[in-house]
Each structure stands twice: as structure tokens, then as C-alpha cells.
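Colleague: After the C-alpha cells below, expect a handful of questions from me.
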Amino acid sequence: MTDKKVNIAVISDINWNNEMSPWECPPFSKNDIPCTGGADEYLVKLTGTIIPAIKKELAVEPEYIAIAGYSLAGLFAIYSLYKTDIFSIADYFSKNQDFFVKEML
38 MTDKKVNIAV ISDINWNNEM SPWECPPFSK NDIPCTGGAD EYLVKLTGTI
88 IPAIKKELAV EPEYIAIAGY SLAGLFAIYS LYKTDIFSIA DYFSKNQDFF
138 VKEML
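Each residue of the sequence shown is one higher than the last, beginning at 38 in my numbering.
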């Protein structure tokens, strides 16, 4: 156990195939839509608007900020470590994790 207080923020209302994808790519399946590569724009929104609003609501400066996501949001979480220094750690959960990591290397 720890004596540290932990706050978790869940963010929804995301345009999944645009805001979570770092690059454009065709649909993963015939019933899917293509990814349009809007991760950089969403990262600006996340770090410039969403996270400051969360900090204001909590009325505390966190010791560190972590980011995690599942599937394409997991890719976004790892990608965000390369694009900004606001996050201390990232984690992702995905059945496609090998594909995502290979695409980023």
C-alpha cells in the first residue's frame, strides 16, 4: 500500500480513428474506416486544454502524470511520450501491440 493519493481521469468523446492515430492508414478490416492521423492535433488539445482543466478541478499539482490506453488509444499513449514531456509514464493494452511498436520504430 501507499500513502500517496491517486487521481484517475477518464476521457471520452474521442474521434477514435482520427484523434488516436499518429499517421494515416487504411481500414484494418472491410467494415472499418481509415485512420486519418490526427494524434498531433489531439495531443495539443489534451495537453493545452484537457489536462489543465483536470488540474484546476483537482486543485493540486500532480507529482507525475501517466497516460494509458487500450488498442489505438494505447498507441496514442506511447506516441505521446515521444511528442511531449508532460507524461512521466505510459502504458498500453492491445492485442495489436507488436504491430504498433514496429510501426513506431
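All residues carry an ideal CB built from backbone N, CA and C; glycine is no exception.
Find the nearest neighbour of Met-57 within the set Glu-94, Lys-93, Cys-72 and Asp-40, judged by alpha-carbon distance.
Modeller: Of Glu-94, Lys-93, Cys-72 and Asp-40, the residue nearest in Cα terms is Cys-72.
Colleague: Just to confirm the assignment, what range does the alpha helix (DSSP H) spanning Tyr-101 have?
Modeller: No alpha helix (DSSP H) holds Tyr-101; DSSP gives it neither H nor E.
Colleague: Rounded to whole angstroms, what's the CA-CA distance from Ala-96 to Ser-66? Just pull it up for me.
Modeller: Each residue's alpha carbon lies about 44 Å from the other.
Colleague: What does a CB cutoff of less than 6 Å around Pro-63 pick up in its chain, not counting 5 residues either side in sequence?
Modeller: Correct list, in chain order: Pro-71.
Colleague: Looking at the structure shown, is Gly-74 part of a helix, part of a strand, or coil, going by DSSP?
Modeller: Three-state DSSP puts Gly-74 in coil, outside helix and strand.
Colleague: So, at 6 Å on beta carbons, what are the nonlocal neighbours of Ile-91 in its own chain, with the 5 sequence-adjacent residues on each side left out?
Modeller: Here the set comprises Ala-46.
Colleague: Would you say Thr-84 faces chain D, with C-beta separation under 7 Å as the test?
Modeller: Included in the structure is just one protein chain, with no chain D present.
Colleague: Please state whether the Cβ-Cβ distance between Glu-61 and Gly-74 is less than 7 Å.
Modeller: A contact, by the Cβ cut-off of 7 Å.
Colleague: From Tyr-129 to Gly-85, what distance separates their C-alpha atoms?
Modeller: Approximately 22 Å between the Cα atoms of the pair.
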